[in-house]
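Notes follow once the structure below has been shown.
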Amino acid sequence: MAQVNEYIRYEPDERPPHSIAAGVGFQAAVVIIAPVVLSAIIIGRAANQPESYLTWIAFAALLISGVSTILQAVRVGRIGAGHVLVMGTSGAFIAVCIAALVKGGPSLMASLIVVSSLFQFALAARLSLLRRILTPVVSGTVIMLIAVTVMPIVFGLLTDVPEGTPSAAAPTAAGATLATLVVLALCAPVTWRLWAPLIGIVIGCAVAAPFGLYDIQPVIDAPWVGFPAGAWPGLDLTFSAEFWALLPAFVVVTLVGAIETIGDGIAIQRVSRRRPRATDFRLVQGALNADGTGNLLSGLLGAPPNTTYSTSISLAELTGVAARRVGVYVGAIFAVLALSPKVTALLIAIPNPVGAAYVTLLIGILFVQGMKLVVESGLNSRKAVVVGLSFWIGVGFQNQVIFADLLGKTWGTLLGNGMTAGGIAAILLTAFM
22 MAQVNEYIRY
32 EPDERPPHSI
42 AAGVGFQAAV
52 VIIAPVVLSA
62 IIIGRAANQP
72 ESYLTWIAFA
82 ALLISGVSTI
92 LQAVRVGRIG
102 AGHVLVMGTS
112 GAFIAVCIAA
122 LVKGGPSLMA
132 SLIVVSSLFQ
142 FALAARLSLL
152 RRILTPVVSG
162 TVIMLIAVTV
172 MPIVFGLLTD
182 VPEGTPSAAA
192 PTAAGATLAT
202 LVVLALCAPV
212 TWRLWAPLIG
222 IVIGCAVAAP
232 FGLYDIQPVI
242 DAPWVGFPAG
252 AWPGLDLTFS
262 AEFWALLPAF
272 VVVTLVGAIE
282 TIGDGIAIQR
292 VSRRRPRATD
302 FRLVQGALNA
312 DGTGNLLSGL
322 LGAPPNTTYS
332 TSISLAELTG
342 VAARRVGVYV
352 GAIFAVLALS
362 PKVTALLIAI
372 PNPVGAAYVT
382 LLIGILFVQG
392 MKLVVESGLN
402 SRKAVVVGLS
412 FWIGVGFQNQ
422 VIFADLLGKT
432 WGTLLGNGMT
442 AGGIAAILLT
452 AFM
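Using the numbering used here, you'd call the opening residue of the sequence shown number 22 and step up by one each time.
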């Protein structure tokens, strides 16, 4: 007889009282809101975008996260998992989005996100094809290369403070943030670990404030309700050489993100029922379609793409409330907060050293997830060749130490991204196995 999970109080199709659903939804929104906005802000700041654009992407990131979270919960046609899967800005896209902003601005990034999201819709209908192309070896290698690509940018933000700031300000704020995150991650109970990002960022900001790194004035001046000061960046429909050079990197990261969504779509079904059931892959396809819809909306609004947050699974396990109504409340809270310039200003004011310290831990965990994918697939001598060679090809091209002077502008942009070079190498080498 199948073991009954007595900790589940409400299954996805059940209707808890609105007070319970709203309470659990508010907890999830508070836990996740800072990473949702912070990842988008890191992208904008690293690409030296103006403050008006930062206010826009903070608004757009929250709004799209809200809409796509609701889609995941309510399941409209073939879109949505029918479970509580909270959506938010994807850290995997940090490097490629920065590259697009630097090469062609927000409109180029938006166009790349829109086009790459279409690949996700196409392959969502063919899960078997997606998993044949992006094997654990390929996906794991690309995920490790994402970390290698992002970390130099993050390390630059660790010391990015205004002129005249005391020299101790950046290391003190970053150190306090990272120390808090590490202590909570290693020593705290599971319940407190869920709150680690928020607690770490709050403590980091509190330490940064006496040094003048946390500017509270924009928060005070911002209205409680309204639309962002920034304008919609639009789409770049010229399809320039930069577009075609960066498109493979966006497609590769989009499809690797789809693999993560598949995993979350399977896991949330497992933890949301009292009695175990076979995985419904129609719901997994629905999760992918909702993820793709979120990415499409992100591109249309000029914000970084989103993805499912695995925190959703932990929250369902801890609270025992897996009802879809919770997802609707989380999404609604995100959408309402998107229309509060004061809330977005509060998050935009997070100092670079604090945000970079958080992202350092986030990307470190991402690197290990890539390693885990490779190792769990059964690492033999042939797979070792594929992973080792592809990884270092990616690192070499990313750092422009492999035939950089022979590639020219277009090929240099295409292969100068380590994820593209390493991902293509991994796919080609895997085809020969």
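All C-beta atoms in this analysis are idealised placements derived from N, C-alpha and C, irrespective of residue type, glycine included.
Exposure of residue i, with buried meaning 16 or more beta-carbon neighbours within 10 Å
i      : result
Trp213 : exposed
Pro192 : exposed
Met22  : Low confidence applies to Met22: its pLDDT is 44, below 50, so where it sits in the model is not reliable enough to give any reading.
Thr300 : exposed
Arg36  : exposed
Leu13  : What is shown of the chain runs 22 to 454, which leaves residue 13 out entirely.
Phe424 : exposed
Phe271 : buried
Glu27  : exposed
Ala79  : buried
Gly444 : buried
Glu397 : exposed
Gly399 : exposed
Leu150 : exposed
Gly185 : exposed
Ala266 : buried
Ser73  : exposed
Leu383 : buried
Gly286 : buried
Gln141 : buried
Ala68  : buried
Spatially closest choice to residue i from the options, by CA coordinates
i      : options                           : result
Leu144 : Val105, Val277 and Ile53          : Val277
Gln419 : Ala405, Gly439 and Pro326         : Gly439
Ala243 : Ala102, Val389 and Ala370         : Ala370
Ala146 : Ile100, Asn401 and Ser132         : Ile100
Trp216 : Asp34, Ala50, Ile445 and Lys393   : Ala50
Val163 : Gly409, Ala452 and Asp426         : Gly409
Ser137 : Val169, Asp312 and Leu304         : Asp312
Val123 : Arg66, Asn401, Ile280 and Ala189  : Arg66
Thr381 : Gly98, Ile63 and Phe260           : Ile63
Val407 : Phe453, Phe388, Leu383 and Tyr379 : Phe453
Gly417 : Arg403, Thr90, Thr441 and Lys404  : Thr441
Pro231 : Pro372, Leu321, Arg403 and Leu75  : Pro372
Arg403 : Leu383, Ala447, Val422 and Gly391 : Ala447
Pro127 : Gly251, Leu336 and Gln238         : Gly251
Met172 : Arg152, Ala337 and Ala116         : Ala116
Gln70  : Phe47, Ala120 and Gly87           : Ala120
Cys226 : Pro210, Ala194 and Phe142         : Ala194
Ala353 : Pro38, Leu75, Ala68 and Ser89     : Ser89
Gly15  : Val169, Met165, Ser111 and His39  : Residue 15 is absent from the structure shown; the chain starts at 22 and stops at 454.
Ser86  : Asp426, Tyr330 and Ala209         : Tyr330
Chain B contact for residue i (CB, 8 Å cutoff)
i      : result
Val107 : Any reference to chain B falls outside this structure, which holds one protein chain only.
Whole-number beta carbon distance between residue j and residue i, since they are thought to touch under 8 Å
i      : j      : result
Pro269 : Cys118 : Incorrect: roughly 15 Å between the Cβ atoms, too far for contact.
Ile29  : Arg295 : 5 Å
Phe302 : Leu129 : The Cβ separation is near 35 Å, so there is no contact.
Ala378 : Leu199 : 4 Å
Tyr31  : Ala288 : In fact, because the Cβ distance is near 18 Å, the residues do not count as touching under 8 Å.
Ser411 : Leu450 : 6 Å
Arg345 : Gly103 : 6 Å
Ala94  : Val422 : Not confirmed; about 47 Å, so no contact.
Leu358 : Ile54  : 7 Å
C-beta atoms of residue i and residue j nearer than 8 Å
i      : j      : result
Val58  : Val351 : no
Pro56  : Pro249 : no
Val45  : Val347 : yes
Val240 : Leu360 : no
Ala113 : Val274 : yes
Thr282 : Thr328 : yes
Ile222 : Val375 : yes
Ala356 : Leu84  : yes
Ile280 : Ser160 : yes
Thr314 : Leu133 : no
Ala190 : Leu234 : yes
Ile224 : Thr201 : yes
Trp77  : Gly385 : no
Val389 : Pro157 : no
Val52  : Thr332 : yes
Gly125 : Asp257 : yes
Ala262 : Val228 : no
Arg96  : Gly307 : yes
Gly415 : Val135 : no
Gln290 : Leu304 : yes
Ala131 : Pro33  : no
### Message
Runs of 4 residues minimum, wholly inside the stretch 216-289: which ones carry the alpha helix (DSSP H) assignment?
### Response
Taking only runs of at least 4 residues, the alpha helix (DSSP H) segments lying wholly in the stretch 216-289 are 217-229 and 238-242.
Review point. Where are the beta strand (DSSP E) runs, 3 residues long or more, that stay fully inside the stretch 320-376, in chain order?
Key: Whole beta strand (DSSP E) segments, 3+ residues: 327-329.
*asked:* Which runs of the beta strand (DSSP E) at least 3 residues long sit entirely within the stretch 98-125? Give them in chain order.
replied: Runs of the beta strand (DSSP E) inside the stretch 98-125: 108-110.
Return the chain-ordered ranges of every beta strand (DSSP E) run that is complete within the stretch 37-101 and spans a minimum of 3 residues. Complete beta strand (DSSP E) runs here, min 3: none at all.
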